[in-house]
Amino acid sequence: MSQSEGSSFYTTVDVETKLVSVYTPLIYGSLLILSLIIFGSQYRKKQIKELSELKSIFDENEARDLYYELKSKREEDNIHEKVIKAALLNRGAEAVRRSIKLKELSTQIEIIYKNGGIGDDYWKRFQNEVKLVDLEFKETLQEAEMLQPGWVQLFVALSKEICFNQALSRRYDSIARRTETCIKEWNLKLDDNGRLIE
Amino acid sequence: MTTELSYNGNSKQLSIEIDKKYELTDARSINVNQINKLTTAIIGESNPNFTPKPNDNLSKMIRNMFETGIKNMKQNKMQEALKNLTLAIEMSQRKRAPYEAFQIQLQDVQFMLRQKIDLELILGKNLEALQDLEMLLNTGLLDPEIFLRKTDAYLKLKQYNLARVDCERGLSLFPTNPKLKVMLNECNRRLAEYNGDI
Amino acid sequence: MPQNYDYDEGSETWPFFVLTMVLAVLLPMTFIQLKKLFRNKSDEEIELEKVNKTDKLSSISDLLTNKKINKFRSKFESKTSNLFNWTNLFICVGWLVVAMLVQVISNNDKIREAAIGSFDPYDLLGVSVTASDKEIKSAYRKLSLKFHPDKVAKDITEEEKNSLEEMYVQISKAYEALTDELVKQNYLMYGHPDGPQSQTHGIALPSFLVNGLVTPIVVIFYVLVLSLVLPYLVSKWWSKTQSYTRKGIHIKTASHFVDRMINYKPSEIVTVDLIIEWLSHAEEFKLLFPSLNSSDFKRLLYSHINRTSVKDSEEDIKFRIVAKCHRLLNGLLDIACGFRNLEIAMASLDTFKCIVQAIPNTEYSEILQLPHVDKEHFIDNSEGIHTLGKLFTYSDEKIGKILGVKDEQQLKETLSVASHLPILKVIRAEFKVPGEKFVVTSSVPHLNLKLLVRSAKHKYIPIDKFTDELLAEEEDFESQRDPFAMVLEQPLLPYSYAPYFPTKRVNNWYCLVSLQKDNKIIQTPVPVERLSFRNLDKDLDKRLIKELDDKNFDPSEWEIGTFKVPLGQPAPKEKGDAYFRIVLKSTDYFGSDLDFTVEMKVRDPVEEKVEEVYSEEDEDEDSEDSEDEDESDEEDESDSDYTDIDTDTEDEDEDESNEKK
Numbered sequence: 018m019s020q021s022e023g024s025s026f027y028t029t030v031d032v033e034t035k036l037v038s039v040y041t042p043l044i045y046g047s048l049l050i051l052s053l054i055i056f057g058s059q060y061r062k063k064q065i066k067e068l069s070e071l072k073s074i075f076d077e078n079e080a081r082d083l084y085y086e087l088k089s090k091r092e093e094d095n096i097h098e099k100v101i102k103a104a105l106l107n108r109g110a111e112a113v114r115r116s117i118k119l120k121e122l123s124t125q126i127e128i129i130y131k132n133g134g135i136g137d138d139y140w141k142r143f144q145n146e147v148k149l150v151d152l153e154f155k156e157t158l159q160e161a162e163m164l165q166p167g168w169v170q171l172f173v174a175l176s177k178e179i180c181f182n183q184a185l186s187r188r189y190d191s192i193a194r195r196t197e198t199c200i201k202e203w204n205l206k207l208d209d210n211g212r213l214i215e
Numbered sequence: 048m049t050t051e052l053s054y055n056g057n058s059k060q061l062s063i064e065i066d067k068k069y070e071l072t073d074a075r076s077i078n079v080n081q082i083n084k085l086t087t088a089i090i091g092e093s094n095p096n097f098t099p100k101p102n103d104n105l106s107k108m109i110r111n112m113f114e115t116g117i118k119n120m121k122q123n124k125m126q127e128a129l130k131n132l133t134l135a136i137e138m139s140q141r142k143r144a145p146y147e148a149f150q151i152q153l154q155d156v157q158f159m160l161r162q163k164i165d166l167e168l169i170l171g172k173n174l175e176a177l178q179d180l181e182m183l184l185n186t187g188l189l190d191p192e193i194f195l196r197k198t199d200a201y202l203k204l205k206q207y208n209l210a211r212v213d214c215e216r217g218l219s220l221f222p223t224n225p226k227l228k229v230m231l232n233e234c235n236r237r238l239a240e241y242n243g244d245i
Numbered sequence: 005m006p007q008n009y010d011y012d013e014g015s016e017t018w019p020f021f022v023l024t025m026v027l028a029v030l031l032p033m034t035f036i037q038l039k040k041l042f043r044n045k046s047d048e049e050i051e052l053e054k055v056n057k058t059d060k061l062s063s064i065s066d067l068l069t070n071k072k073i074n075k076f077r078s079k080f081e082s083k084t085s086n087l088f089n090w091t092n093l094f095i096c097v098g099w100l101v102v103a104m105l106v107q108v109i110s111n112n113d114k115i116r117e118a119a120i121g122s123f124d125p126y127d128l129l130g131v132s133v134t135a136s137d138k139e140i141k142s143a144y145r146k147l148s149l150k151f152h153p154d155k156v157a158k159d160i161t162e163e164e165k166n167s168l169e170e171m172y173v174q175i176s177k178a179y180e181a182l183t184d185e186l187v188k189q190n191y192l193m194y195g196h197p198d199g200p201q202s203q204t205h206g207i208a209l210p211s212f213l214v215n216g217l218v219t220p221i222v223v224i225f226y227v228l229v230l231s232l233v234l235p236y237l238v239s240k241w242w243s244k245t246q247s248y249t250r251k252g253i254h255i256k257t258a259s260h261f262v263d264r265m266i267n268y269k270p271s272e273i274v275t276v277d278l279i280i281e282w283l284s285h286a287e288e289f290k291l292l293f294p295s296l297n298s299s300d301f302k303r304l305l306y307s308h309i310n311r312t313s314v315k316d317s318e319e320d321i322k323f324r325i326v327a328k329c330h331r332l333l334n335g336l337l338d339i340a341c342g343f344r345n346l347e348i349a350m351a352s353l354d355t356f357k358c359i360v361q362a363i364p365n366t367e368y369s370e371i372l373q374l375p376h377v378d379k380e381h382f383i384d385n386s387e388g389i390h391t392l393g394k395l396f397t398y399s400d401e402k403i404g405k406i407l408g409v410k411d412e413q414q415l416k417e418t419l420s421v422a423s424h425l426p427i428l429k430v431i432r433a434e435f436k437v438p439g440e441k442f443v444v445t446s447s448v449p450h451l452n453l454k455l456l457v458r459s460a461k462h463k464y465i466p467i468d469k470f471t472d473e474l475l476a477e478e479e480d481f482e483s484q485r486d487p488f489a490m491v492l493e494q495p496l497l498p499y500s501y502a503p504y505f506p507t508k509r510v511n512n513w514y515c516l517v518s519l520q521k522d523n524k525i526i527q528t529p530v531p532v533e534r535l536s537f538r539n540l541d542k543d544l545d546k547r548l549i550k551e552l553d554d555k556n557f558d559p560s561e562w563e564i565g566t567f568k569v570p571l572g573q574p575a576p577k578e579k580g581d582a583y584f585r586i587v588l589k590s591t592d593y594f595g596s597d598l599d600f601t602v603e604m605k606v607r608d609p610v611e612e613k614v615e616e617v618y619s620e621e622d623e624d625e626d627s628e629d630s631e632d633e634d635e636s637d638e639e640d641e642s643d644s645d646y647t648d649i650d651t652d653t654e655d656e657d658e659d660e661s662n663e664k665k
């Protein structure tokens with residue numbers, strides 16, 4: 018009575034089999050690797066594109082833009098060489114200003130970032146900008162060398178002086194606007210001689 | 048939004064149409080002005096390898112104007128003296144090349160501003176004196192006299208809180224200065240009156 | 005082993021499956037909701053209620069709040085009742101579903117059958133589980149006699165005969181399961197005396213879903229969920245958490261603020277207008293109202309500050325963006341402190357005041373923040389009155405005339421608000437190191453402020469009335485271990501007087517610490533959250549009292565507030581002096597700010613023991629507030645670690661000249 022239906026130790030099992038070609042695993046493997054390679058290169062391209070499209074830290078790049086504009090119009094407008102040099106010096110001075118400013122900012126931005134005050138997007142932009150400013154200054158020096166061979170050393174010294182003097186000028190020129198703001202904020206009534214009307 | 052850049056072949060100066068709608072044209076016009084100033088300065092240089100060495104002629108002119116001003120002051124012709132000094136400072140700012148040594152330009156400004164401030168205070172032009180004092184402070188010149196004068200100017204303009212803040216700063220930097228201590232007491236007295244505490 | 009896939013044709017298994025899923029979600033949810041329903045109010049809520057019960061300002065504020073604002077509050081403030089909300093509805097529906105499933109299960113015969121179908125030898129033989137072998141044998145004998153095919157009656161149907169036969173087979177099996185060793189083993193291992201049965205894999209799905217035409221749809225459904233819906237939900241959640249900074253503002257707004265801070269012209273004076281211009285580009289505004297642009301937001305903010313009316317449709321928009329300004333200004337303040345920029349930090353706190361009280365930042369703001377003031381009338385007749393303190397030098401009647409308040413009841417309200425606006429006064433400010441008498445090199449000091457909260461109506465109280473005994477703190481072990489604990493013993497600040505602000509709010513003072521040397525902030529702002537306003541109810545009318553003497557003034561009855569600010573950096577390593585400018589600015593009230601200087605005398609620990617004998621009087625001088633500036637007995641200037649490289653586009657000149665000197 019112990020041998021009844023269901024004791025399935027000794028019966029053979031019928032398993033379905035399918036014929037698979039030898040090439041199947043090869044094709045599968047190569048498809049996989051190919052798709053990963055394509056994905057990798059596309060991703061890298063996208064990253065580079067993103068980096069180049071990152072908005073600059075600074076609002077504008079006028080010094081640089083003006084130089085290239087003048088350079089391109091040089092022939093048709095018959096622009097004197099010294100004007101181009103002036104534009105290049107202006108560009109150099111601006112690059113010096115930006116690199117000093119970024120150095121000063123980097124510790125502060127790092128602290129703000131680590132404390133969670135700004136997001137990853139800004140941090141990326143900032144690091145990108147540091148590299149760009151460096152690059153910009155190097156490009157400027159190359160242009161200087163092209164304009165006047167051997168000028169580079171003097172150019173750097175001149176750019177530094179110009180940078181500081183321009184800052185002083187800007188501060189001096191802002192006095193008029195500051196005076197206006199003070200009058201408005203403090204509600205001052207001044208006579209023609211600049212004295213307070215009692 | 049490129050504003051049209053035009054070049055005048057005769058004066059070798061650039062100009063742009065200022066479109067009040069766009070804020071960035073402000074930066075553009077600043078840069079254009081800076082380039083123009085550089086152009087004027089470079090055109091005057093015969094040597095293409097010009098250095099930051101300050102122009103002796105200009106220094107002499109500025110000094111002369113300054114001394115005329117001092118003379119007028121000694122003769123009690125205050126308004127005249129003020130005009131002279133203002134002109135001297137303007138000369139230093141406008142006529143000197145932007146690449147002339149920054150130290151020299153800075154010293155010009157600091158030295159002459161001090162006299163100008165005194166004149167302005169005598170003439171009762173407190174707001175202008177205040178602006179000049181702030182500029183002096185911005186250039187890094189820390190001197191108890193500046194704080195004294197600033198506090199005085201604020202008091203005369205009835206900005207008692209700002210007066211006290213500046214006076215305290217002066218005392219923090221020069222804790223033993225007796226005049227500042229007297230000034231501080233005066234500020235506190237005026238503030239108490241302003242707040243109805245007396 | 006034959007493998008069968010036993011699909012759920014008879015609805016046997018899917019009810020259990022669904023039931024488990026539903027209960028897994030429902031049980032915790034129900035538990036949480038029940039807990040919420042019966043929980044007690046948190047400690048902080050109780051405290052806040054207590055403080056506000058006796059506070060005059062908040063009651064007047066509620067009284068004077070605009071109808072429109074009240075409507076706005078009822079619309080947007082989350083007043084979800086604990087009983088009637090969507091979660092509870094979901095829970096009820098969930099339990100209904102559970103009931104239905106239980107019905108389905110119990111009604112399903114096939115399930116019953118399957119439950120019964122398990123092989124239970126004890127049950128078959130009719131013996132209990134603890135029966136002995138003998139009992140089993142006798143039970144078997146009896147039953148086999150009953151059910152043996154040869155022994156049964158002849159006149160029964162074929163069916164009955166078959167079932168009886170089956171019964172007999174079962175009984176024999178049962179007997180064997182309990183006695184025969186081999187069979188017993190099978191039973192124990194496989195639950196059935198005949199050994200391993202055909203393995204059935206039960207799948208809780210009806211077969212038509214897997215084998216039929218619907219199969220591709222099912223596959224597509226799975227693919228969609230796993231590779232599209234799930235990643236989408238996860239990425240959406242992730243980007244949401246990533247898009248807000250720790251201070252609660254959008255990262256794009258934070259980027260914008262940083263952009264502005266780097267690019268604004270440092271030569272121009274910072275005004276409230278500049279801050280409003282920055283605020284109007286906030287990403288939060290754009291997300292809430294995509295159809296409007298920044299100039300619209302600017303216009304709405306200005307119309308709020310100037311109390312001009314806007315179109316009805318824009319009313320709600322205005323309230324929402326004004327309410328959002330709280331977070332934005334906090335974020336901006338934080339960023340400004342990160343950039344060590346004192347000007348912007350102070351300007352943003354001033355802007356805060358303007359937005360909370362809905363008045364522009366002018367010299368008259370202190371007075372105009374009061375209710376019922378006739379603006380034009382007051383400005384014409386101001387007679388040089390700009391402060392509340394000055395206002396209270398006049399009689400109540402005269403005040404009414406100056407402010408242009410005609411109605412008596414209104415004047416009462418105005419005076420009540422004016423006399424209850426908190427004004428701070430520094431009694432003592434010093435740097436303390438717990439456990440030391442003075443600030444030691446390389447120690448970690450904190451700033452200890454003793455404040456007096458007073459009303460503009462009170463007579464001026466000179467600081468020396470508060471003796472050292474009154475100001476003394478507990479000097480025990482606990483206080484040394486945690487010096488800030490005593491600050492937390494003070495009551496919470498009450499709701500502020502802000503009838504024009506869309507939401508109920510609490511006034512805060514933010515403490516900015518900066519170095520006098522370079523005028524730059526050195527750490528993040530610290531808010532004052534606890535202070536007792538008990539003094540505001542005291543009567544010390546400056547118009548009635550000529551002089552303070554023992555009869556009309558007892559300093560011990562006045563509450564002295566304490567506020568401690570931890571310093572972000574340790575004291576310098578060398579001895580010397582450092583001066584700090586401390587600014588306490590209110591977020592809601594004009595005229596409630598403090599701005600003073602505190603000296604930090606850093607001394608070597610050993611040296612002082614010697615000096616103690618000779619110069620006792622120097623030890624007792626603590627840095628009080630600005631009125632007595634302490635003389636430093638050290639001649640050399642401090643070489644504190646606080647000096648950072650001082651550069652700014654403006655101060656480049658400074659830097660250059662410092663270098664070349």
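Protein chains in written order, with the numbering used here: chain R, 18 to 215; chain E, 48 to 245; chain B, 5 to 665.
Even for Gly, the Cβ is constructed at its ideal location relative to N, Cα and C.
Fair warning: this is a prediction, and the values are worked out from it, not measured in the lab.
Mind checking if residue i is an interface residue toward chain E, Cβ cutoff 8 Å exclusive?
i, result
"D640 of chain B", "In this prediction, D640 of chain B has a pLDDT of 35, which is less than 50 and means its spatial position is unreliable; nothing more can be read from the coordinates."
"K201 of chain R", "no"
Would DSSP call residue i helix, strand or coil?
i, result
"Y236 of chain B", "helix"
"S53 of chain E", "strand"
"I65 of chain R", "helix"
"L83 of chain R", "helix"
"S191 of chain R", "coil"
"V437 of chain B", "coil"
"G243 of chain E", "coil"
Measure the alpha-carbon distance for residue i versus residue j and round it to whole angstroms.
i, j, result
"K88 of chain R", "D103 of chain E", "33 Å"
"W90 of chain B", "V29 of chain B", "15 Å"
"N452 of chain B", "T445 of chain B", "18 Å"
"I266 of chain B", "L177 of chain E", "26 Å"
"I44 of chain R", "I50 of chain R", "10 Å"
"A351 of chain B", "E86 of chain R", "39 Å"
"D553 of chain B", "L475 of chain B", "20 Å"
"L425 of chain B", "S62 of chain B", "11 Å"
"A104 of chain R", "Q150 of chain E", "23 Å"
Distance cutoff 8 Å, beta carbons only. Does residue i sit that close to anything in chain B?
i, result
"Q125 of chain R", "yes"
"Y258 of chain R", "Chain R is shown from 18 up to 215; residue 258 of chain R falls before or after that span and cannot be answered."
For chain R, is any of its Cβ atoms less than 8 Å away from the one on residue i?
i, result
"V212 of chain E", "no"
"V409 of chain B", "no"
Who does residue i pair with in a DSSP beta bridge?
i, result
"W513 of chain B", "B:V532 and B:S590"
"Q60 of chain E", "E:N55"
Three-pair Cβ contact test at 8 Å for the region 154-174 of chain R versus the region 109-123 of chain R: The region 154-174 of chain R, when compared against the region 109-123 of chain R, does touch it at the 8 Å Cβ threshold.
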